[in-house]
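Visitor: If you read the sequence shown in the numbering used here, its first letter stands for residue 155, the second for the next number, and so on.
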Amino acid sequence: MIFGARGDLTKRLLTPALYNLTAPELLPDGFRVLGVDHNAGDDAAFGKDLAAAMRALIGNTANEASEPHLDKTRWAWLQQRLGYLTGDFEDPQTYGALAARLAEHAGGKRHGVIFYLATSPRFFGDIVDQLGKAGLVDQASGFRRVVIEKPFGHDLASARALNRRILKRLDESQIYRIDHFLGKETVRNIMAVRFANSVFEAVWNRHNIDHVQITAAETVGVEERGAYYDQAGALRDMLPNHLFQLLGMVAMEPPNSLSADAIRAEKARAIEAIEVQTPTAALANSVRGQYRAGKAGGRALPAYRAAENVSRRSHTETYVALKLGIDNWRWAGVPFYLRTGKAMSGRDTEVVIQFKAPPSQPFQQALNRAPSQLVLQLQPHEGLSLAFDVKQPGADVRLERVWMDFRYADYFKAAPGTGYETLIYDVMIGDQTLFKKADEIEASWRAVQPFMTAWSKGGVVHGYAAGTNGPSQADALLARDGRVWHEVGS
Ligand code: BG6
Numbered sequence: 155m156i157f158g159a160r161g162d163l164t165k166r167l168l169t170p171a172l173y174n175l176t177a178p179e180l181l182p183d184g185f186r187v188l189g190v191d192h193n194a195g196d197d198a199a200f201g202k203d204l205a206a207a208m209r210a211l212i213g214n215t216a217n218e219a220s221e222p223h224l225d226k227t228r229w230a231w232l233q234q235r236l237g238y239l240t241g242d243f244e245d246p247q248t249y250g251a252l253a254a255r256l257a258e259h260a261g262g263k264r265h266g267v268i269f270y271l272a273t274s275p276r277f278f279g280d281i282v283d284q285l286g287k288a289g290l291v292d293q294a295s296g297f298r299r300v301v302i303e304k305p306f307g308h309d310l311a312s313a314r315a316l317n318r319r320i321l322k323r324l325d326e327s328q329i330y331r332i333d334h335f336l337g338k339e340t341v342r343n344i345m346a347v348r349f350a351n352s353v354f355e356a357v358w359n360r361h362n363i364d365h366v367q368i369t370a371a372e373t374v375g376v377e378e379r380g381a382y383y384d385q386a387g388a389l390r391d392m393l394p395n396h397l398f399q400l401l402g403m404v405a406m407e408p409p410n411s412l413s414a415d416a417i418r419a420e421k422a423r424a425i426e427a428i429e430v431q432t433p434t435a436a437l438a439n440s441v442r443g444q445y446r447a448g449k450a451g452g453r454a455l456p457a458y459r460a461a462e463n464v465s466r467r468s469h470t471e472t473y474v475a476l477k478l479g480i481d482n483w484r485w486a487g488v489p490f491y492l493r494t495g496k497a498m499s500g501r502d503t504e505v506v507i508q509f510k511a512p513p514s515q516p517f518q519q520a521l522n523r524a525p526s527q528l529v530l531q532l533q534p535h536e537g538l539s540l541a542f543d544v545k546q547p548g549a550d551v552r553l554e555r556v557w558m559d560f561r562y563a564d565y566f567k568a569a570p571g572t573g574y575e576t577l578i579y580d581v582m583i584g585d586q587t588l589f590k591k592a593d594e595i596e597a598s599w600r601a602v603q604p605f606m607t608a609w610s611k612g613g614v615v616h617g618y619a620a621g622t623n624g625p626s627q628a629d630a631l632l633a634r635d636g637r638v639w640h641e642v643g644s
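(1) I want to know whether the region 270–288 touches the region 238–253 - three or more CB-CB distances under 8 Å.
(2) Is M498 near the ligand BG6, in the sense that its beta carbon is under 8 Å from a heavy atom of that ligand?
(3) So does the region 413–433 actually touch the region 449–459, counting three or more Cβ pairs closer than 8 Å?
(4) For V602, which residues in the same chain have their Cβ closer than 7 Å to its Cβ, ignoring the five residues on either side in sequence?
(5) Quick one: does the C-beta of N482 sit closer than 8 Å to a heavy atom of the ligand MN?
(6) Which residues does DSSP list as the beta-bridge partners of V602?
(7) Under the rule that 16 or more other beta-carbon atoms within 10 Å means buried, what is K545, buried or exposed?
(8) Kindly indicate which three-state DSSP category T432 falls into: helix, strand or coil?
(9) May I ask whether a heavy atom of the ligand BG6 can be found less than 8 Å away from the beta carbon of A370?
(10) Considering just the uninterrupted stretch of the beta strand (DSSP E) at Q586, what are its terminal residues?
(11) What is the rounded straight-line gap between the Cα of K496 and the Cα of S327?
(12) Does at least one heavy atom of the ligand BG6 sit under 8 Å from the Cβ of M403?
(13) List, from N- to C-terminal side, the alpha helix (DSSP H) runs of 4 residues or more that fit wholly inside the region 465–512.
(14) Run the CB neighbour count on D502, radius 10 Å, all protein chains shown included, and call it buried at 16 or more, exposed below.
(15) Taking Cβ positions, are L588 and T607 nearer each other than 9 Å?
(16) Keeping to the same chain, check which residues put their C-beta closer than 7 Å to that of R360; ignore five residues upstream and five downstream.
(17) Could you tell me how far apart the beta carbons of L540 and L528 are, in whole angstroms, since I believe they sit closer than 8 Å?
(18) Count the C-beta pairs between the region 502–516 and the region 415–427 that are closer than 8 Å, then say yes if the count reaches three, no if not.
(19) Which same chain residues, not among the five before or five after Y458, have their C-beta less than 8 Å away from its C-beta?
(20) Return yes when at least one heavy atom of the ligand BG6 lies under 8 Å from the C-beta of Y383, else no.
(21) Between which two residues does the alpha helix (DSSP H) holding R255 run?
(22) I'd like to know if the region 335–343 and the region 289–308 are in contact, where contact means that at least 3 CB-CB pairs between them fall below 8 Å.
(23) Got a sec? Which residues, its chain only, sit under 6 Å from N482 by beta carbon, not counting five neighbours each side?
(24) Quick one: is the Cβ of V642 within less than 8 Å of any heavy atom of the ligand BG6?
(25) Since N362 contacts K510 with CB under 8 Å, what's their CB separation in whole angstroms?
(26) Are the Cβ atoms of Y491 and W639 separated by less than 9 Å?
(27) CB of V374 to nearest heavy atom of the ligand BG6: below 8 Å?
(28) Do E258 and P275 have their beta-carbon atoms positioned less than 9 Å apart in this structure?
(29) Secondary structure at A370, three-state DSSP: helix, strand or coil?
(30) In chain order, what residues of the same chain lie with their CB nearer than 8 Å to the CB of A205, ignoring the 5 residues before and after it?
(31) Roughly how far, in whole angstroms, is the beta-carbon of A405 from the beta-carbon of L631, given that I think they are within contact range, below 8 Å?
(32) Where does the unbroken alpha helix (DSSP H) through Q284 begin, and where does it stop?
(33) Check whether the Cβ atoms of L211 and P170 lie closer than 9 Å to each other.
(34) Counting pairs of beta carbons, one from the region 181–195 and one from the region 236–245, are three or more of them closer than 8 Å?
(35) Looking at the unbroken beta strand (DSSP E) that takes in E554, where does it start and where does it end?
(36) Using three-state DSSP, classify R331 as helix, strand or coil.
As structure tokens, then:
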């Protein structure tokens with residue numbers, strides 16, 4: 155059951171993900187989707203609406219999730235399983251009607267139900283309460299699982315309150331706090347690279363690593379999401395969730411096993427070790443920016459403040475760069491620089507592991523450039539590259555920087571994906587490995603809270619032209635430590 159069935163997420167990501175799951179035939183025959191939203195409509199209109207949305211997405215090469223053509227048979231299979239119910243999320247009658255639809259479909263047989271909360275976050279608590287009161291999360295006749303989208307709270311206090319509230323109605327094992335970055339192949343590959351190859355793990359610490367950069371650069375602007383984004387901003391939208399999950403994968407200790415509990419516990423521990431800065435330090439260790447008009451992703455983009463549902467005087471950041479520390483034995487003294495922004499020069503999501511220079515450098519030439527680097531690229535071309543120096547052939551000893559590249563697309567025929575496919579499938583089979591626990595979420599908010607507190611009292615949101623790489627102050631954030639950002643899109 156999808157709450158928020160007429161929303162953007164359902165159209166742009168959930169429906170393509172369900173469609174993609176029909177290729178490997180991972181949806182059972184008895185599978186049904188019941189969409190719930192406040193707009194008037196019926197099963198047929200809902201199906202037509204989603205079919206139109208799918209046709210608009212298919213063949214769009216800017217969208218990694220897209221196939222070149224819509225497979226009519228697979229889409230028909232899915233469309234005939236789509237149903238719709240008009241209902242107000244806050245009205246108990248909606249839940250009575252839902253129960254009736256469920257009973258009608260189940261016909262007395264055992265059945266599992268996933269409630270997917272793809273709504274505005276203000277409804278999360280209410281919907282769980284209503285589901286609880288209506289007995290809809292009772293598991294006597296099959297599993298009842300609730301998927302909760304981001305943002306999970308808007309600060310530490312609200313995240314804690316939401317956790318407390320939903321845990322009154324649900325057991326932790328029924329809660330799937332989703333972060334679609336965890337569904338991306340390369341994110342999970344970070345664990346495989348680190349823990350299946352001693353060559354990497356042996357150097358994965360403060361003795362060999364100078365610093366880590368985590369970047370999520372997008373060319374898109376705020377698009378139609380002004381109402382949400384102007385309240386949230388880049389930090390809340392991307393940091394405590396997506397970028398911290400990447401940080402967790404990079405920084406975590408090896409788990410005792412690959413069980414969900416072991417992995418989640420280690421990841422949470424890494425996030426808990428992020429230094430909680432004083433507001434003064436937070437101000438010094440952060441740069442905010444907001445895009446002005448320009449050209450990004452090959453098209454003219456009006457200024458952020460001119461976007462629909464954005465205040466003309468908005469100070470919301472569309473770019474943020476932070477310097478963080480991780481206070482444990484493995485990472486003490488190794489800065490983690492995180493940045494994300496809309497309307498940047500390229501689409502590029504990556505983790506850069508910058509190794510230290512050798513303890514004594516006999517090559518004069520090597521003194522002037524960054525030592526070896528490992529780049530884990532998530533988007534747009536999933537892969538991994540190692541940059542290191544070799545000697546050029548010839549009588550002279552001259553160094554040359556070379557790259558050893560591994561691209562997923564060269565080795566594997568990967569099916570198009572949104573990141574949601576594997577996560578939806580995991581909810582169906584009850585595997586919580588790639589979902590966040592309450593403590594992880596709270597630790598993430600705790601680490602970003604000083605930045606939000608400091609910004610509410612002062613600091614500047616710098617302008618940057620759309621199509622550039624954020625404000626120059628972000629370069630200065632690294633330059634003062636004698637470092638530079640890895641070039642976006644390289
Ligand atoms: C979403 C954010 O969670 O992630 C968006 O709300 C952002 O603002 C998106 O664009 C990025 O995800 P992806 O998979 O396109 O990199």
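Using N, Cα and C, we set each Cβ at its ideal position, and we do this for glycine too.
Guide: So, from the listed chains and residues:
(1) The region 270–288 is in contact with the region 238–253.
(2) Counted from its first residue, the sequence shown places residue 498 at position 344. No, Cβ of M498 sits at least 8 Å from all heavy atoms of the ligand BG6.
(3) Fewer than three beta-carbon pairs drawn from the region 413–433 and the region 449–459 are found closer than 8 Å, and the two stretches are therefore not classed as touching.
(4) By 1-based counting over the sequence shown, the position of residue 602 is 448. So the qualifying residues of the chain are L389, L393, P394.
(5) Absent from the structure shown: the ligand MN. Ligands present: the ligand BG6.
(6) Within the sequence shown, the letter at position 448 stands for residue 602. Bridge partners of V602: none, in fact.
(7) Position 391 of the sequence shown, counted from the start, is the residue given in the question as residue 545. Classification for K545: exposed.
(8) Position 278 of the sequence shown, counting from 1, holds the residue named residue 432. Taken through DSSP and simplified to helix, strand or coil, T432 comes out as coil.
(9) Sequence index remark: in the sequence shown, residue 370 carries index 216 (1-based). Within the chosen limit of 8 Å, the ligand BG6 reaches the beta carbon of A370 through at least one heavy atom.
(10) Position 432 of the sequence shown, counted from the first residue, corresponds to residue 586. Bounds of any beta strand (DSSP E) do not take in Q586, whose DSSP letter is neither H nor E.
(11) Within the sequence shown, residue 496 is the residue found at index 342, counting from 1. Within the sequence shown, residue 327 is the residue found at index 173, counting from 1. Per the coordinates, the alpha-carbon of K496 lies some 35 Å from the alpha-carbon of S327.
(12) In the sequence shown, counting from the first residue as 1, residue 403 sits at position 249. Taking 8 Å as the cut-off, one finds no heavy atom of the ligand BG6 near enough to the beta carbon of M403.
(13) Within the region 465–512, no run of alpha helix (DSSP H) at least 4 residues long lies entirely inside it.
(14) Walking along the sequence shown from the start, residue 502 turns up at place 348. Buried.
(15) For the purposes of this step, residue 588 is taken as residue 434 along the sequence shown, with counting starting at 1. For the purposes of this step, residue 607 is taken as residue 453 along the sequence shown, with counting starting at 1. No, the pair does not count as a contact, with Cβ atoms beyond the cut-off.
(16) For the purposes of this step, residue 360 is taken as the residue at position 206 of the sequence shown. Excluding residues within five positions, the ones whose Cβ falls inside 7 Å are R484, W485, A486, G487, V488.
(17) Taking the sequence shown and counting its residues from 1, one reaches residue 540 at position 386. Taking the sequence shown and counting its residues from 1, one reaches residue 528 at position 374. Correct: roughly 5 Å between the Cβ atoms.
(18) These segments do not touch.
(19) Within the sequence shown, residue 458 is the residue found at index 304, counting from 1. Hits under 8 Å: G375, V376, Q444, Y445, R446, V464, S468, T470, T472, K496, A497.
(20) In the sequence shown, the residue the question calls residue 383 occupies position 229. Taking 8 Å as the cut-off, one finds at least one heavy atom of the ligand BG6 near enough to the beta carbon of Y383.
(21) Numbered from its first residue, the sequence shown carries residue 255 at position 101. Per DSSP, the continuous alpha helix (DSSP H) segment holding R255 begins and ends at 246–260.
(22) Taking 8 Å as the limit for Cβ pairs, the verdict is that the region 289–308 does not touch the region 335–343.
(23) As a first step, residue 482 is located in the sequence shown; it is residue number 328 there, counting from the start. Around N482: A427.
(24) Position 488 of the sequence shown, counted from the first residue, corresponds to residue 642. No, the ligand BG6 has no heavy atom inside 8 Å of this Cβ.
(25) For the purposes of this step, residue 362 is taken as residue 208 along the sequence shown, with counting starting at 1. For the purposes of this step, residue 510 is taken as residue 356 along the sequence shown, with counting starting at 1. Cβ atoms of N362 and K510 come within 8 Å of each other, at about 6 Å.
(26) Position 337 of the sequence shown, counting from 1, holds the residue named residue 491. Position 485 of the sequence shown, counting from 1, holds the residue named residue 639. Taking 9 Å as the cut-off, the beta carbon of Y491 is found closer than this to the beta carbon of W639.
(27) Here residue 374 refers to the residue found at position 220 of the sequence shown. For the ligand BG6, a non-hydrogen atom lies closer than 8 Å to the CB of V374.
(28) Numbered from its first residue, the sequence shown carries residue 275 at position 121. Numbered from its first residue, the sequence shown carries residue 258 at position 104. Taking the C-beta atoms as reference points, E258 is found no nearer than 9 Å to P275.
(29) Start at 1 with the first residue of the sequence shown, and residue 370 comes out as number 216. In the structure shown, A370 sits in a strand (DSSP, three-state: E or B).
(30) Along the sequence shown, one-based indexing puts residue 205 at 51. So the qualifying residues of the chain are W229, Q233.
(31) Translated into the one-based positions of the sequence shown, residue 405 becomes position 251. Translated into the one-based positions of the sequence shown, residue 631 becomes position 477. With 8 Å as the limit, A405 and L631 do not qualify as a contact, their Cβ atoms being about 20 Å apart.
(32) Residue 284 sits at position 130 when you count from the first residue of the sequence shown. For Q284, the enclosing alpha helix (DSSP H) covers residues 278–287.
(33) Indexing the sequence shown from 1 puts residue 211 at position 57. Indexing the sequence shown from 1 puts residue 170 at position 16. Against a cut-off of 9 Å, the Cβ pair of P170 and L211 comes out as a contact.
(34) The region 181–195, when compared against the region 236–245, does touch it at the 8 Å Cβ threshold.
(35) Taking the first residue of the sequence shown as position 1, residue 554 is located at position 400. 553–561 is the span of the beta strand (DSSP E), which, as asked, contains E554.
(36) Stepping through the sequence shown from its first residue, residue 331 is reached at position 177. Strand at R331.
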